[in-house]
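One structure is given here, and the rest of the page talks about it.
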Ligand code: FPP
Ligand code: MG
Ligand code: MG
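In the working numbering, the protein residues as written are 333 to 662.
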C-alpha cells in the first residue's frame with residue numbers, strides 16, 4: 333500500500349465526481365461577479381496607507397473575503413432554489429444539493445484557514461463573527477416569508493446587516509487592522525461603519541433591482557425574492573398606510589390598495605398575475621422611490637465616516653465606490 337500522501341491529501345486519486353466538483357468551483361470563480369468586496373478591502377488598505385508587506389497581507393484577506401462570499405452564495409442559491417446566477421447555472425443545479433452543500437462548506441472552511449493564516453487574532457474574530465451573522469440573517473429571513481404586517485423596516489435592516497453588511501463592515505475593519513490600525517482605534521471603527529453603511533445600501537439596491545431590472549441585466553430571474561416571499565424595502569414601504577415622505581411627496585397605499593396587497597401576500601402570490609400585480613402596487617405606492625431614498629441615506633452616512641481617514645486618492649476612491657453601489661443597474 334502507498335502510504336505517502338495520505339496525511340497531506342496528495343495521495344487522493346481524482347475520480348470523475350471530484351473533477352466535476354473542481355470544474356464547478358473553478359467556473360464559480362471564473363464567472364466572477366463584480367468582485368466588489370475584494371476591491372473595497374484593498375481600497376481601504378490603500379486609504380490607510382498600507383504598503384508592501386502589509387498590502388500583500390490585505391491582498392490575501394481580500395481573496396479570503398471573496399471565497400467566503402462565494403461560499404455564502406452556494407448555500408444561498410440552495411435555500412432560494414435559484415437556478416441561475418451571473419447568467420450561469422448554479423452549483424446545486426450542476427452537482428445536486430448534497431454535493432453543493434459540501435462544496436459550500438468546503439469553501440467556508442477554506443476561507444477560515446486563509447484568514448487564520450494571516451495570524452491576526454482580531455481579524456479572525458471579526459471574520460468568524462461574519463459567518464455567524466450569515467446564519468443569523470438567513471434564519472431571520474426564513475422566519476418571516478410573505479409577512480408584511482408583523483415585519484418592520486427595522487427588522488428588514490437588521491436582517492440585511494447580518495446577511496450582507498456584516499461582511500463588508502468586517503472586511504473594511506480587518507483591512508484597517510492589517511494596515512496597522514488598532515482594532516478599537518477611531519479609524520478602524522470608522523472603516524467598520526463605512527463598510528456597514530455601504531453594505532446596507534448595497535442590499536437595499538439589490539432588493540430594488542429585483543423589482544426594476546430584467547433577468548438579462550442582473551443575471552438571475554427578476555422578482556425572484558418577491559416570489560420566495562422575501563419582502564424587502566420597496567414592499568415594506570408600499571405596505572404602509574399612505575403618508576407624507578418628508579420630501580414633499582407621499583408613499584404607501586390607501587386602505588383599499590393596502591388590503592389588496594396584504595391579500596396577495598396572504599395567498600403567497602399563488603395566482604397567475606399576482607407577482608405582476610404586486611409589482612404594480614409597489615410602484616404606485618412609491619415603494620421603489622422610498623427605497624432609493626433610503627439607499628441614498630446610507631451612502632451619505634458612509635461618506636461621513638470617511639472624514640476620519642486622511643485625505644487621499646484612495647479615500648476619494650472609497651467615496652466613488654459608495655456612489656457606484658447605488659448607481660449600479662446589475
Ligand atoms: C444573498 O442574499 C445571501 C447572502 C449574501 C448570505 C447567504 C448566507 C447564507 C446562505 C448562510 C449560510 C449559513 C451559514 C451558517 C454560514 P439574496 O438571496 O437576497 O441575494 P441574491 O439575489 O444574490 O441571491
Ligand atoms: Mg438568493
Ligand atoms: Mg437569499
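Ideal Cβ placement from N, Cα and C applies to all residues, glycine included.
Report task. Would you check whether ligand 2 has a heavy atom nearer than 7 Å to the C-beta of residue 414? Result -> Taking the chain shown and counting its residues from 1, the one referred to as residue 414 is at position 82. Correct: residue 414 has its Cβ closer than 7 Å to ligand 2.
Query raised in the report: Thinking C-alpha only, which one of 533, 557 and 559 is nearest residue 622?
Result: As a first step, residue 622 must be located in the chain shown, where it is residue number 290. Among 533, 557 and 559, the Cα nearest to that of residue 622 belongs to 533.
**Report entry** Any non-hydrogen atom of ligand 2 within 7 Å of residue 408 CB
**Finding:** Counted from its first residue, the chain shown places residue 408 at position 76. Under cutoff, so the answer is yes.
Report task. Would you grab the beta carbon distance between residue 418 and residue 551 for me? Rounded to a whole angstrom, and I think it's under 8 Å. Result -> As a first step, residue 418 must be located in the chain shown, where it is residue number 86. As a first step, residue 551 must be located in the chain shown, where it is residue number 219. Correct: roughly 5 Å between the Cβ atoms.
Query raised in the report: From residue 426 to residue 383, what does the alpha carbon distance come to, in whole angstroms?
Result: As a working mapping, residue 426 is identified with position 94 in the chain shown. As a working mapping, residue 383 is identified with position 51 in the chain shown. Spanning the two alpha carbons is a distance of roughly 41 Å.
Report task. At 4 residues or longer, and completely inside the region 390–461: list those alpha helix (DSSP H) runs for me, N to C. Result -> 423–427 and 429–448
Query - Top-ranked residue by Cα proximity to residue 450, from 395, 415, 479 and 488 - result: Translated into positions along the chain shown, residue 450 becomes position 118. Nearest of 395, 415, 479 and 488 to residue 450, Cα basis: 395.
Query raised in the report: Between residue 661 and residue 538, what straight-line distance do the alpha-carbon atoms span, to the nearest angstrom?
Result: Here residue 661 refers to the residue found at position 329 of the chain shown. Here residue 538 refers to the residue found at position 206 of the chain shown. Roughly 9 Å between the two C-alpha positions.
Query raised in the report: Heavy atom of ligand 1 less than 7 Å from the Cβ of residue 498, yes or no?
Result: Here residue 498 corresponds to residue number 166 of the chain shown, with the count starting at 1. Every heavy atom of ligand 1 is 7 Å or more from the Cβ of residue 498, so no.
Query - Neighbourhood of residue 638 by C-beta distance below 7 Å, restricted to the same chain and skipping five residues each side - result: The residue you call residue 638 lines up with position 306 of the chain shown. The answer, listed in chain order, is 526, 647, 650 and 651.
**Report entry** Near ligand 1: residue 453 beta-carbon under 7 Å from a heavy atom
**Finding:** Counted from its first residue, the chain shown places residue 453 at position 121. False, no ligand heavy atom lies under 7 Å from that Cβ.
Report task. Starting from the Cα of residue 658, find the closest Cα among 643, 339, 641 and 629 and give me that residue. Result -> Position 326 of the chain shown holds residue 658. It is 629.
**Report entry** Nonlocal neighbours in the same chain, by C-beta distance under 7 Å from residue 406, ignoring five residues either side
**Finding:** Start at 1 with the first residue of the chain shown, and residue 406 comes out as number 74. Closer than 7 Å at Cβ, skipping near neighbours: 423, 432, 435, 436 and 439.
Report task. Measuring alpha carbon to alpha carbon, tell me which of 497, 337, 567 and 513 ends up nearest residue 466. Result -> In the chain shown, residue 466 corresponds to position 134, counting from 1. Cα-wise, what sits closest to residue 466 is 497.
Query raised in the report: Comparing the CB of residue 532 with every heavy atom of ligand 3, is any distance shorter than 7 Å?
Result: Position 200 of the chain shown, counting from 1, holds the residue named residue 532. Incorrect: residue 532 has no Cβ contact closer than 7 Å to ligand 3.
Query - Entirely enclosed beta strand (DSSP E) segments - the region 541–624, minimum 3 residues - result: Within the region 541–624, no complete beta strand (DSSP E) run reaches 3 residues.
Query raised in the report: Among 381, 486, 352 and 502, which one has its Cα closest to the Cα of residue 456?
Result: Locating residue 456 in the chain shown gives position 124, where the first residue counts as 1. Comparing Cα positions, the closest option is 502.
**Report entry** Whole-angstrom C-beta distance between residue 560 and residue 477, which should lie under 8 Å
**Finding:** Your numbering for residue 477 matches position 145 in the chain shown. Your numbering for residue 560 matches position 228 in the chain shown. Right, their Cβ atoms sit about 7 Å apart.
Query raised in the report: Count the other CB atoms within 10 Å of the CB of residue 535; is the residue buried (16 or more) or exposed (fewer)?
Result: Counting from one through the chain shown, the residue named residue 535 turns up at place 203. Its Cβ being crowded by 16 or more others within 10 Å, residue 535 is buried.
Query - For residue 458 and residue 340, the rounded distance between their alpha carbons - result: As a position in the chain shown, residue 340 is number 8, starting the count at 1. As a position in the chain shown, residue 458 is number 126, starting the count at 1. One C-alpha to the other measures close to 29 Å.
Query - Residue from 409, 473, 358 and 443 with nearest C-alpha to residue 462 - result: In the chain shown, residue 462 corresponds to position 130, counting from 1. The option with the nearest alpha carbon to residue 462 is 443.
Query raised in the report: Within 10 angstroms of its Cβ, does residue 601 collect 16 or more other Cβ (buried), or is it exposed?
Result: Taking the chain shown and counting its residues from 1, the one referred to as residue 601 is at position 269. That one is buried.
Query - Inter-stretch contact at 8 Å, needing at least 3 Cβ pairs: the region 507–519 / the region 371–388 - result: A contact exists between the region 507–519 and the region 371–388.
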